[in-house]
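Asks: Pasting a structure here, questions to come.
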Amino acid sequence: MQMTEVRDKLQALQNVLSEKYEIEKNLRDAPKQLDAQNELLARLQKEFLEKNASYDECKERVLKLEVELSEAEKSREEGEKGMDNIATHREYEALDKQITEATQKEAEIRKELDKEKRQLNDLSESISSDKSIIDATSADINTAKASIEKQEKKFNTQLEKLSKKEEEVRQGLDNETVEKFKTIIQRNSEGIVAVKNGVCEGCHMILPAQFVNEVRDGDEILFCPYCSRILFYQESDENEENYYAMAEAGSLSDFEDYLGDERVDDDEESDDENYEEKSSEYDEDVDETGEDLDEDEEDSEEEESEEN
Ligand SMILES: [Zn+2]
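For the sequence shown, counting from 1, position 73 maps to 226 in the numbering used here; every step adds exactly one.
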């Protein structure tokens, strides 16, 4: 297959994949539309349960107070009945005390009971109002769910079509390239970019001249060493080749560092020697700078020793 054909195919594949990934993202995000409503519902339901528990507690207090009230009533009535059969003043005093205390207690309990019954009533009203809000919210959520499911169905239909299209478009491209290409698109959205004026249009890094030539020759698919995008050659708008040739030389060492262990050539040994020389020079520079920063005295001492 001609490189231009490969390029066209990759660009077509890119269009399909971008659309596909966008839809997949929408599909993932669709249920999130319900997040706020679900949170609200959960909060309402929690409050509803808490109120119901309060209602039960209140109800229990009311029942207890009612029992106490009937006991106090009974005690008062017994006292009143006993008054008919008293024989001594002592008995009278005891019964009178019983009646007074029971009457007082009755009054206290009635007061307390009124309060609790009012609270019970308030809770009951609040609970039934909460219940209708919960029902309305649940209904809203169900409506929204139905609409989201409809959306999802539409997205899935679109995805099916795009997957078929993807299969058509990728015909003739090897699997490894396609898989690599997909990863790049998922990360960078654009997987195939031009090399223009020796610069990768994807990451704007200056590429080595030799590498740019290989891209121009188009014998194989080449990936940007910096951003991994697939590259194709595009003629520069202006004739600034000399300028770019100079700029490219500057970035060549970066490029070789990037290649790292993959680079095996005869010059390697001498390259390493050069590197060591350079790095030892560099170390000295660093030491001197370090001392400069620390103390001026040491620096002058060193200058003296250098003179000796
Ligand atoms: Zn790049």
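From the three backbone atoms N, C-alpha and C, an ideal C-beta is built for every residue, glycine too. All values derive from a computational prediction rather than experimental measurement.
Take aspartate 440 and list the residues in its own chain whose beta-carbon comes closer than 8 Å to its own, dropping the five residues that flank it on each side.
Replies: With a pLDDT of 43 at aspartate 440, under the threshold of 50, the predicted position of this residue should be treated as unreliable, and no value is reported.
Asks: So, under 8 Å CB-CB, tyrosine 208 and isoleucine 338 are touching, yes? Tell me the CB distance rounded to an integer number of Å.
Replies: With 8 Å as the limit, tyrosine 208 and isoleucine 338 do not qualify as a contact, their Cβ atoms being about 58 Å apart.
Asks: So the beta strand (DSSP E) glutamine 387 belongs to, where does it begin and stop?
Replies: Run containing glutamine 387: 383-387, per the beta strand (DSSP E) assignment.
Asks: Could you tell me how far apart the beta carbons of leucine 218 and glutamate 269 are, in whole angstroms, since I believe they sit closer than 8 Å?
Replies: Contact flag correct, Cβ pair sits at about 6 Å.
Asks: Please list, following the chain, all residues that have a C-beta closer than 6 Å to any non-hydrogen atom of ligand 1.
Replies: Per the CB criterion, closer than 6 Å to any heavy atom of ligand 1, the qualifying residues run in chain order as Cys353, Gly355, Cys356, Met358, Cys377, Tyr379, Cys380 and Arg382.
Asks: Which value, in whole angstroms, describes the spacing of the CA atoms of arginine 229 and leucine 216?
Replies: Note on geometry: alpha-carbon atoms of arginine 229 and leucine 216 lie some 20 Å from one another.
Asks: Going by Cα to Cα distance, which pick from Gln167, Leu180, Asp161 and Glu172 is closest to lysine 103?
Replies: A query on residue 103 cannot be resolved here, the shown segment of the chain reaching from 154 to 461 and no further.
Asks: Contact check, leucine 187 vs alanine 297 under 8 Å by CB: the rounded distance?
Replies: 6 Å
Asks: Would you check if the distance between the CB atom of glutamine 304 and the CB atom of valine 348 is smaller than 9 Å?
Replies: no
Asks: Could you give the uninterrupted runs of the alpha helix (DSSP H) lying entirely in the region 283-371, keeping only those of 4 residues or more?
Replies: 328-341 and 362-370
Asks: From what residue to what residue does the alpha helix (DSSP H) around tyrosine 174 run?
Replies: 156-182
Asks: I need the boundaries of the alpha helix (DSSP H) containing cysteine 211, first residue and last residue.
Replies: 188-235
Asks: Note down the Cα distance separating glycine 403 from threonine 330, rounded to an integer number of angstroms.
Replies: Bear in mind that the predicted position of glycine 403 carries a pLDDT of just 49, short of 50, making it too unreliable to give a figure here.
Asks: So, are the CB atoms of glycine 344 and lysine 335 less than 9 Å apart?
Replies: yes
Asks: Quick test of your reading: threonine 310 and leucine 194, contact by CB under 8 Å. State the CB separation rounded to the nearest angstrom.
Replies: At roughly 30 Å, the Cβ-Cβ gap does not stay under 8 Å, so threonine 310 and leucine 194 are not in contact.
Asks: Across which residues does DSSP place leucine 276 in a beta bridge pair?
Replies: Paired residue(s): none; leucine 276 is not in a bridge.
Asks: Go ahead and label leucine 167 buried or exposed: buried means 16 or more other beta carbons lie within 10 angstroms of its beta carbon, across all protein chains shown.
Replies: Leucine is not the amino acid found at residue 167; the sequence shown has glutamine there. Buried, because 16 or more other Cβ atoms sit within 10 Å of the Cβ of glutamine 167.
Asks: By a C-beta neighbour count over all protein chains shown, 10 Å radius and 16 as the cutoff for buried, is valine 322 buried or exposed?
Replies: Residue burial is scored here from C-beta neighbours: valine 322 has at least 16 other C-beta atoms within 10 angstroms and is therefore classed as buried.
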